[in-house]
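Participant: Residue numbers (the working numbering), protein chains in the order written: chain P, 952 to 1064; chain A, 40 to 156. Before anything else, here's the structure in question.
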């Protein structure tokens, strides 16, 4: 089925460890996004990309890096994980015309201990 | 700048009762408006959207929303709640006129709907 696939679905990290979350979409969407979701905070945009090779900061970028080497993939990296980064992470993608809405992945639940 | 306010972080209704989830937005340009639903341990799924056609928009699972420009509102309704409607609902706004970051969707903080038997 066409859509947005996130890997892994669950991960537990120790403070200071690094990891990369992978997002892949097969809808030929130009734009891709990384969000974190925390109770009572809604969705907060971490980084986004408007095309291959381009990325931009969102609302809460500190502690994260991203890369978009291929149009269909958007990677989110944590270089040195902190307990404050415990969250559920969602990837989304869209056409340039945001009126068509976003398609979301099923999320990655990350716990940093 | 655009913003979205969802009134009520939790709403509880009885099965068969009317569902009303409130969303107010601010936007200096014509908006796109969306409602998304998130079932437990899942991603967000598009429920319905307003993109300047009919002001009354029908979505999946019997939900609908009405765009009221004078009230800057886009409330979500369903005539009769079902147990399967229990989920978190997010309202979002974007701009029709902007590309890049200015066109990014802005999400409300969500309303968790509980349905009592």
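Backbone N, C-alpha and C define an ideal beta-carbon position, used for all residues, glycine too. This structure is a prediction, so every number in the text was calculated from the model and none was measured.
Taking DSSP's pairing of strands, which residues face residue 989 of chain P in a bridge?
Facilitator: As a first step, residue 989 of chain P is located in the first chain; it is residue number 38 there, counting from the start. Residue 989 of chain P pairs with P/993.
Participant: Am I right that residue 983 of chain P and residue 1044 of chain P are in contact with their C-beta atoms under 8 Å? What's the rounded C-beta distance?
Facilitator: Here residue 983 of chain P is taken as the residue at index 32 of the first chain, counted from 1. Here residue 1044 of chain P is taken as the residue at index 93 of the first chain, counted from 1. Contact flag correct, Cβ pair sits at about 5 Å.
Participant: Please state whether the Cβ-Cβ distance between residue 75 of chain A and residue 85 of chain A is less than 8 Å.
Facilitator: Stepping through the second chain from its first residue, residue 75 of chain A is reached at position 36. Stepping through the second chain from its first residue, residue 85 of chain A is reached at position 46. Yes, Cβ-Cβ distance for residue 75 of chain A and residue 85 of chain A is below 8 Å.
Participant: Starting from residue 70 of chain A, follow the beta strand (DSSP E) in both directions and report where the run begins and ends.
Facilitator: If you number the second chain from 1, residue 70 of chain A lands on position 31. Where residue 70 of chain A is concerned, the enclosing beta strand (DSSP E) stretches over 70–77.
Participant: Between residue 1014 of chain P and residue 1060 of chain P, what straight-line distance do the alpha-carbon atoms span, to the nearest angstrom?
Facilitator: Here residue 1014 of chain P corresponds to residue number 63 of the first chain, with the count starting at 1. Here residue 1060 of chain P corresponds to residue number 109 of the first chain, with the count starting at 1. Between residue 1014 of chain P and residue 1060 of chain P, the C-alpha separation is close to 17 Å.
Participant: Output yes or no for whether 8 Å exceeds the beta carbon distance between residue 115 of chain A and residue 1053 of chain P.
Facilitator: For the purposes of this step, residue 115 of chain A is taken as residue 76 along the second chain, with counting starting at 1. For the purposes of this step, residue 1053 of chain P is taken as residue 102 along the first chain, with counting starting at 1. Result no, Cβ atoms of residue 115 of chain A and residue 1053 of chain P do not sit closer than 8 Å.
Participant: Grouping DSSP H, G and I as helix and E and B as strand, with all else coil, what is residue 158 of chain A?
Facilitator: Absent from the structure is residue 158 of chain A, since the part of chain A shown begins at 40 and ends at 156.
Participant: Identify the contact partners of residue 1031 of chain P in chain A, using a Cβ-Cβ distance below 7 Å as the criterion.
Facilitator: As a working mapping, residue 1031 of chain P is identified with position 80 in the first chain. By Cβ distance, chain A contributes nothing, its closest Cβ being about 27 Å from residue 1031 of chain P, past 7 Å.
Participant: Out of A/60, A/92, A/54, A/156, point me to the one whose CA is closest to residue 108 of chain A's CA.
Facilitator: If you number the second chain from 1, residue 108 of chain A lands on position 69. Selected option, being the one with the closest Cα: A/92.
Participant: Below 8 Å between beta carbons: does that hold for residue 58 of chain A and residue 148 of chain A?
Facilitator: Here the question's residue 58 of chain A lines up with position 19 in the second chain. Here the question's residue 148 of chain A lines up with position 109 in the second chain. No. Outside cutoff.
Participant: Since residue 1037 of chain P and residue 1063 of chain P are thought to touch, with beta carbons under 8 Å apart, how far apart are those beta carbons, to the nearest angstrom?
Facilitator: Within the first chain, numbered from 1, the residue matching residue 1037 of chain P stands at position 86. Within the first chain, numbered from 1, the residue matching residue 1063 of chain P stands at position 112. Right, their Cβ atoms sit about 5 Å apart.
Participant: Note down, in chain order, every chain A residue with its Cβ under 8 Å from the Cβ of residue 961 of chain P.
Facilitator: Within the first chain, the letter at position 10 stands for residue 961 of chain P. Here the premise fails: no neighbours, minimum Cβ distance about 10 Å.
Participant: If the cut is a Cβ gap below 7 Å, which residues of chain P does residue 144 of chain A touch?
Facilitator: Position 105 of the second chain, counted from the first residue, corresponds to residue 144 of chain A. By Cβ distance, chain P contributes 1049, 1053.
Participant: For chain A, find out if any of its Cβ atoms is closer than 8 Å to the Cβ of residue 973 of chain P; answer yes or no.
Facilitator: Here residue 973 of chain P is taken as the residue at index 22 of the first chain, counted from 1. Output row for residue 973 of chain P: interface = no.
Participant: Can you list, in chain order, the residues of its chain whose CB lies under 8 Å from that of residue 999 of chain P, leaving out five sequence neighbours each side?
Facilitator: Here residue 999 of chain P refers to the residue found at position 48 when the first chain is read from its first residue. So the qualifying residues of the chain are 982, 983, 984, 985, 1006, 1007, 1009.
Participant: Opposite residue 100 of chain A in the DSSP bridges: which residues?
Facilitator: Stepping through the second chain from its first residue, residue 100 of chain A is reached at position 61. For residue 100 of chain A, which the question treats as bridged, DSSP gives no partner whatsoever.
Participant: Please return the same chain residues whose Cβ sits closer than 7 Å to the Cβ of residue 955 of chain P, not counting the five positions on each side in sequence.
Facilitator: Position 4 of the first chain, counted from the first residue, corresponds to residue 955 of chain P. If we look at residue 955 of chain P and ignore the five residues flanking it on each side, its Cβ neighbours are 974, 976, 1042, 1043, 1044, 1054, 1055, 1056.
Participant: Return no unless some Cβ of chain A is closer than 8 Å to the Cβ of residue 1056 of chain P.
Facilitator: Residue numbering aside, residue 1056 of chain P sits at position 105 when the first chain is read from its first letter. So, interface residue.
Participant: Rounded to a whole number of angstroms, what is the C-alpha to C-alpha distance between residue 102 of chain A and residue 131 of chain A?
Facilitator: Your numbering for residue 102 of chain A matches position 63 in the second chain. Your numbering for residue 131 of chain A matches position 92 in the second chain. Taking the straight line joining both Cα atoms gives about 16 Å.
Participant: Measuring CB to CB, does residue 51 of chain A end up less than 8 Å from residue 123 of chain A?
Facilitator: As a position in the second chain, residue 51 of chain A is number 12, starting the count at 1. As a position in the second chain, residue 123 of chain A is number 84, starting the count at 1. Cβ atoms of residue 51 of chain A and residue 123 of chain A: not closer than 8 Å.
Participant: Taking Cβ positions only, does residue 1004 of chain P come closer than 8 Å to chain A?
Facilitator: As a first step, residue 1004 of chain P is located in the first chain; it is residue number 53 there, counting from the start. Cβ-Cβ to chain A under 8 Å: no for residue 1004 of chain P.
Participant: Which class does residue 147 of chain A belong to by DSSP, given the choice of helix, strand or coil?
Facilitator: As a first step, residue 147 of chain A is located in the second chain; it is residue number 108 there, counting from the start. For residue 147 of chain A, the secondary structure class from DSSP, reduced to helix, strand or coil, is coil.
Participant: Short check: CB of residue 128 of chain A to CB of residue 106 of chain A, under 8 Å?
Facilitator: Position 89 of the second chain, counting from 1, holds the residue named residue 128 of chain A. Position 67 of the second chain, counting from 1, holds the residue named residue 106 of chain A. No.
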